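A.B. asks:
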Amino acid sequence: MENQFDAIVVGSGMSGGWAAKVLCDAGVKTLVIERGRQVEHLKDYPTTNMHPWEFPLHKRLPKSVKDENPVVSRCYAFNDSTDHFFVKDKEHPYVQEKPFDWIRAYQVGGKSLLWARQTQRWSRFEFEAPARDGFAVDWPIRYNDLAPWYSEVEKFVGISGNLDGLEQLPDSESLPPWEMNCVEKHIQEKIHSAYNQKRPVIIGRCAHLTEPKEIHLAQGRGKCQARTKCETGCPFGGYFSANSSTIPWAKRTGNLTMLTDAVVHSIIYDERSGRASGVQVVDAHTKEVSVYHARIIFVNAACLNTNLILLNSTSSRFPNGFGNDNGLLGRFVAFHNYRGTVSATMDGFEDQYYYGRRPTQVFMPSFRNVFKQDTDFLRGYMVAFGAGRGGGSSEGIGEELKKAAATPGGWYVSMMMQGETIPKFENHVRLSPDQQDEWGIPQLITSIGYDENDEKLLKDFLDQGSEMLDKAGCKNIQQHDSKQAPGLDIHEMGGVRMGRDPKTSLLNEWNQFHNCKNVFVTDGACMTSVGNQNPSLTFMALTARAASYAVEEMKKRNL
Ligand SMILES: Cc1cc2nc3c(=O)[nH]c(=O)nc-3n(C[C@H](O)[C@H](O)[C@H](O)COP(=O)(O)OP(=O)(O)OC[C@H]3O[C@@H](n4cnc5c(N)ncnc54)[C@H](O)[C@@H]3O)c2cc1C
Ligand code: SF4
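Under the working numbering, think of the first position of the sequence shown as 210, with each following residue one higher.
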C-alpha cells in the first residue's frame, strides 16, 4: 500500500513540475519520481551569491574538465558557477550514430533551473503547418484548444513582454516588458520601414517577474533584479523554475510525495486490465529495484529520456516498446536549427549607454512561409538579436587604466536564428542492443541529422539577416555557420508524437496513448512538429491541459 498513489509523474523538471502542480491542486495523491538529487529553492544554490572573481578561473572551467566533457562543454551556460547542475558526459554515456549534443540536467527541477527563459506562444500557423505543407501528420489540436492553457500557465509563471497584437505570435498574459536600448530601437525602426511593417521587431517575452503579482508573491517569488545570474538558481525567484514555483506549490497542498535519486527503468503494463499499473524504479545509489503503482502515469523525463523509458518498457502486449503498435516510437525526432549568426558594428550613439543586465533579447517572429508558402524551403525561423557596447581598453596603469577601462567601446550587434526543422522518419532514437548504463538500462542511440531543407533555411537566414542589418545602417557585417550538431539547441522534440490516427501517431489529442489511456506524455516527446518558437511554454501548456483532463476523467471513473 505504501507504494500505491493516484498518479505518478516521471521527472520533476519544467513539464513534470506542471503535472504535479495541477494534479496536487485537484487533490490527486501524486508521486513525483526524479532520478537526480533534491535541489531545494534557495538552500541548494551554492554559487548564487558568488561573483566572477570569487571563482579560481573567473567562472571558466579548467581545460581538463572541458577535455573530459566535450559534449556538455559546448553549451554556453556550462561554466564553473553552473557545472553542478549539468550531466557530465562520462556519467551518462549514449551512442551517437550521428553527432548529437545531448545536454541534460538530472536533479529536481531538471533543465528548468538552467533554461534561458524565452517564451513565445505558438500561433494557429504552427498547428496548421503539417496539414497545410504536407509533412509529419496533422496535429490533433489547434491553437484555440491550447490558448486558455497558455493563459493559465503564463499567469502563474509570470511572462514579461508587450502586447504586440501579432497573428503569427499571439500575445501572452503579460507583465511589463524589458526595454530595447537606443541601437536596438534604431534597428527596429529601420527594419519596420524597409519592409513595410511586414517584419515585426519586438522585445523578447521571457519568464521573469518584472512586476510580481499576488500569485507570484504567494509562491514566495519576487521581482527580477536584472543581474542575469539565473543559471545558478535565483535567490529572488525572479525567473520561473520548477524549484521556485510548481514543485514547492504542489508540496504545500499536502498531496505530493517526492522520490529523488530514483531512476525510472520502465512502465509496467498489466495484461489483465489492459492498463499501465505502475513503474519499475532503480535506486540511483544502491541499485535496489522497486515498483510503484498508480491509476495514471505522466511521463515527463524530457524528450529523449521519455523515448528511452518507453522503448525500454516491453511486455508481451508491447514487445517493441510501450504503445508501439505502429513501430513509430522513437521516430520523427526534430529540433531547432541554431547554426546561423550574423554580427555587425554600428557607428554613432556613443553618448548613450544602457543599465542592468536585461535577461532577454529583441525578437522577430518568423516572416518566411507564414501566411503562405513563399520560398523553396519549408517553414521558417525566428530571429533574435541584441546590441551592446564593447568593453573598455586595458591600456595604462593606475588612474589611466581605470579611466580607459571605464570608457566603453563602440556598439556591436549580434543576430541569431532559431529555425524549424521538419520531422522525418530517419531522424530517430533507439536502444543499444549491447550497451547498458550503470543502472542496467540500455544506452540510447541517437541518429538525428540535418537535411537539405535545413541548409536552405540557414542560407536564407544568413542572407536576410545581413540584408536587414545593412538596411539598418550596420557596418562590418559578418556571417557565421557554427555547423553545430543537432542537440545543442536543447529543443529536441518528438518520438512519441500526437496525432489523430493510431496508425501514424502514438498519442491522442489529450496526450494519452491511443492504446493505453492511463499513460500520458506531455514533454517535448509528444510534439508532432516543432515550430520556430522556444518550446517550453508549449510543453507546460500541453501538460496543464492534459493533467486537468486526467483529473476530470478520474472523477468520472474513466481512468
Ligand atoms: C542552457 C539552456 C537554455 C534553454 N533555453 C530555453 C529557452 O530560452 N526557452 C525554452 O523554451 N527552452 C529553453 N531550454 C529548454 C528547456 O530547458 C527544456 O525545454 C525544458 O526544461 C524541458 O522540460 P522537461 O520537463 O521536458 O525536461 P527537464 O526540465 O529536463 O526535466 C526532466 C526531468 O526528468 C528527470 N529524468 C530523466 N530521466 C529520468 C528517469 N529515467 N527517471 C526519473 N527521472 C528522470 C531528469 O532528471 C529531469 O529532472 C533551455 C535549456 C538549456 C539547458
Ligand atoms: S536576472 Fe532576475 S531572475 Fe535572473 S538571477 Fe537575476 S534577479 Fe534572478
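In this text, a Cβ means the ideal position worked out from N, Cα and C, and glycines have one as well. All values derive from a computational prediction rather than experimental measurement.
Restricting to runs no shorter than 4 residues, where is the alpha helix (DSSP H) found entirely within the region 337 to 397?
C.D. replies: Fully enclosed alpha helix (DSSP H) runs of 4 or longer: 352 to 366.
A.B. asks: Which residue's Cα is closest to the Cα of Asp492: Arg588, Asp690 and Arg246?
C.D. replies: For this step, residue 492 is matched to residue 283 along the sequence shown. Nearest option by C-alpha distance: Arg246.
A.B. asks: If we require 3 or more residues per run, which beta strand (DSSP E) segments fall completely within the region 417 to 451?
C.D. replies: The qualifying runs do not exist here; there are none.
A.B. asks: Could you pull the DSSP bridge partners for Trp620 from this structure?
C.D. replies: Counting from one through the sequence shown, the residue named residue 620 turns up at place 411. Partner(s): Met555 and Arg598.
A.B. asks: Let's test the definition: count the other Cβ atoms within 10 Å of the Cβ of Val362 and tell me whether it reaches 16, buried, or not, exposed.
C.D. replies: Taking the first residue of the sequence shown as position 1, residue 362 is located at position 153. Flag for Val362 reads buried.
A.B. asks: Once the 5 residues before and after Leu525 are set aside, which same chain residues still bring their CB inside 6 Å of it?
C.D. replies: Position 316 of the sequence shown, counted from the first residue, corresponds to residue 525. The identity of residue 525 in the sequence shown is Ser, whereas the question assumes Leu. No residues qualify anywhere along the chain.
A.B. asks: Please report the straight-line C-alpha distance between Asn258 and Arg588, rounded to a whole angstrom.
C.D. replies: Taking the sequence shown and counting its residues from 1, the one referred to as residue 258 is at position 49. Taking the sequence shown and counting its residues from 1, the one referred to as residue 588 is at position 379. Near 43 Å, if we compare the C-alpha coordinates of Arg588 and Asn258.
A.B. asks: Sort Pro744, Thr752 and Asp698 by Cα distance to Trp311 and report the nearest one.
C.D. replies: Residue mapping note: residue 311 aligns to position 102 of the sequence shown, counting from 1. Selected option, being the one with the closest Cα: Asp698.
A.B. asks: CB of Val472 to nearest heavy atom of ligand 1: below 7 Å?
C.D. replies: On the sequence shown, residue 472 is found 263 positions in, with the first residue counted as 1. Val472: yes, Cβ under 7 Å from ligand 1.
A.B. asks: For Lys320, verify whether its CB is less than 7 Å away from any heavy atom of ligand 1.
C.D. replies: Position 111 of the sequence shown, counting from 1, holds the residue named residue 320. Answer for Lys320: yes, Cβ within range of ligand 1.
A.B. asks: Anything with a beta carbon under 5 Å from a heavy atom of ligand 2 counts; list them all in chain order.
C.D. replies: The answer, residue by residue, is Cys433, Gln434, Arg436, Thr437, Lys438, Cys439, Cys443, Phe445, Gly447, Tyr448 and Pro568.
A.B. asks: For Cys233, which option in Gln316, Val218, Gly222 and Pro279 has the closest C-alpha, if you only look at C-alpha atoms?
C.D. replies: By one-based count along the sequence shown, residue 233 stands at place 24. Measuring from the Cα of Cys233, the nearest candidate turns out to be Val218.
A.B. asks: Once DSSP output is grouped into helix, strand and coil, what is the label at Asn685?
C.D. replies: Counting from one through the sequence shown, the residue named residue 685 turns up at place 476. It is a strand residue.
A.B. asks: Have a look at Thr495 and Trp648 and give me their C-alpha separation to the nearest angstrom.
C.D. replies: Here residue 495 corresponds to residue number 286 of the sequence shown, with the count starting at 1. Here residue 648 corresponds to residue number 439 of the sequence shown, with the count starting at 1. Straight-line Cα distance between these residues: approximately 10 Å.
A.B. asks: Hey, could you find the ends of the alpha helix (DSSP H) Gly674 is sitting in?
C.D. replies: Taking the first residue of the sequence shown as 1, we reach residue 674 at position 465. Unbroken alpha helix (DSSP H) run through Gly674: Glu661 to Lys680.
A.B. asks: Terminal residues of the continuous alpha helix (DSSP H) containing Ala485?
C.D. replies: Along the sequence shown, read from residue 1 onward, the residue named residue 485 stands at position 276. Careful: Ala485 lies outside any alpha helix (DSSP H), inside the beta strand (DSSP E) at Arg484 to Asp492.
A.B. asks: Roughly how many whole angstroms lie between the Cα atoms of Ser522 and Gly532?
C.D. replies: For the purposes of this step, residue 522 is taken as residue 313 along the sequence shown, with counting starting at 1. For the purposes of this step, residue 532 is taken as residue 323 along the sequence shown, with counting starting at 1. The alpha-carbon atoms of Ser522 and Gly532 are separated by roughly 9 Å.
A.B. asks: Just to check my reading of the structure: Gly740 and Glu335 have Cβ atoms closer than 8 Å, yes? What is that Cβ distance to the nearest angstrom?
C.D. replies: Stepping through the sequence shown from its first residue, residue 740 is reached at position 531. Stepping through the sequence shown from its first residue, residue 335 is reached at position 126. With a Cβ gap of about 4 Å, Gly740 and Glu335 count as contacting.
A.B. asks: Beta strand (DSSP E) containing Leu715: first to last residue?
C.D. replies: Sequence index remark: in the sequence shown, residue 715 carries index 506 (1-based). That residue, Leu715, is in no beta strand (DSSP E); it is neither H nor E in DSSP.
A.B. asks: Using only the heavy atoms of ligand 1, determine whether one of them is closer than 7 Å to the beta carbon of Asp732.
C.D. replies: Translated into the one-based positions of the sequence shown, residue 732 becomes position 523. For ligand 1, at least one heavy atom lies less than 7 Å from the Cβ of Asp732.
A.B. asks: Would DSSP call Cys415 helix, strand or coil?
C.D. replies: Here residue 415 refers to the residue found at position 206 when the sequence shown is read from its first residue. Residue state, collapsed to three classes: strand.
A.B. asks: Does the distance from the CB of Thr441 to the CB of Ser282 come in under 8 Å?
C.D. replies: By 1-based counting over the sequence shown, the position of residue 441 is 232. By 1-based counting over the sequence shown, the position of residue 282 is 73. Not in contact: Thr441 and Ser282 (Cβ atoms no closer than 8 Å).
A.B. asks: Taking 8 Å as the threshold, find out whether the region 444 to 463 comes into contact with the region 688 to 698 through three or more Cβ pairs.
C.D. replies: Taking 8 Å as the limit for Cβ pairs, the verdict is that the region 688 to 698 does not touch the region 444 to 463.
A.B. asks: Report whether the distance from the Cβ of Gln397 to the nearest heavy atom of ligand 4 is below 7 Å.
C.D. replies: Only ligand 1 and ligand 2 can be found as ligands here, which leaves ligand 4 out of the picture.
A.B. asks: Using CA atoms only, rank isn't needed, just tell me which of Thr655, Val542, Met677 and Thr239 is closest to Tyr303.
C.D. replies: Stepping through the sequence shown from its first residue, residue 303 is reached at position 94. Residue Thr655 is the option with its Cα nearest to Tyr303.
A.B. asks: Would Leu746 pass as a contact of Val730 if the rule is Cβ separation under 8 Å?
C.D. replies: As a first step, residue 746 is located in the sequence shown; it is residue number 537 there, counting from the start. As a first step, residue 730 is located in the sequence shown; it is residue number 521 there, counting from the start. No, the Cβ-Cβ distance between Leu746 and Val730 is not below 8 Å.
A.B. asks: Please report how far the alpha carbon of Val508 lies from the alpha carbon of Trp387, in whole angstroms.
C.D. replies: For the purposes of this step, residue 508 is identified with residue 299 of the sequence shown, where counting begins at 1. For the purposes of this step, residue 387 is identified with residue 178 of the sequence shown, where counting begins at 1. Roughly 35 Å separates the two Cα atoms.
A.B. asks: Quick test of the definition: if touching needs 3 or more C-beta pairs under 8 Å, does the region 654 to 668 touch the region 543 to 562?
C.D. replies: The answer is yes - the region 543 to 562 touches the region 654 to 668, with three or more Cβ pairs under 8 Å.
A.B. asks: Please list, in chain order, all residues of the same chain as Ala338 whose beta carbon is under 7 Å from its beta carbon, the five residues on each side excluded.
C.D. replies: Counted from its first residue, the sequence shown places residue 338 at position 129. Around Ala338: Arg588 and Ser738.
A.B. asks: Please confirm whether any heavy atom of ligand 1 lies closer than 7 Å to the CB of Arg566.
C.D. replies: Numbered from 1 along the sequence shown, position 357 holds the residue referred to as residue 566. No, the Cβ of Arg566 stays beyond 7 Å of every heavy atom of ligand 1.
A.B. asks: In terms of DSSP beta bridges, what is Met763 paired with?
C.D. replies: Start at 1 with the first residue of the sequence shown, and residue 763 comes out as number 554. Answer is none; Met763 lacks a bridge partner.
A.B. asks: Should Ala340 go down as buried or exposed, given a rule of 16 or more other Cβ atoms within 10 Å for buried?
C.D. replies: As a first step, residue 340 is located in the sequence shown; it is residue number 131 there, counting from the start. Answer is exposed; the Cβ neighbour count stays below 16.
A.B. asks: What residues in its chain sit with their C-beta under 7 Å from that of Met573, if we drop five residues either side in the sequence?
C.D. replies: In the sequence shown, counting from the first residue as 1, residue 573 sits at position 364. The answer, listed in chain order, is Arg408, Pro409, Val410, Met591 and Val592.
A.B. asks: Which residues in the same chain have their Cβ closer than 7 Å to the Cβ of Trp458, if we skip the five residues on either side of it in sequence?
C.D. replies: Within the sequence shown, residue 458 is the residue found at index 249, counting from 1. Correct list, in chain order: Lys230 and Gln428.
A.B. asks: Taking 7 Å as the cut-off, does the CB of Thr328 come closer than this to any heavy atom belonging to ligand 1?
C.D. replies: Against the sequence shown, residue 328 aligns to sequence position 119. Because some heavy atom of ligand 1 lies under 7 Å away, the Cβ of Thr328 counts as near it: yes.
A.B. asks: Report yes or no: do three or more beta-carbon pairs, one from the region 609 to 617 and one from the region 673 to 681, lie closer than 8 Å?
C.D. replies: Cβ pair count under 8 Å is below three, so no.
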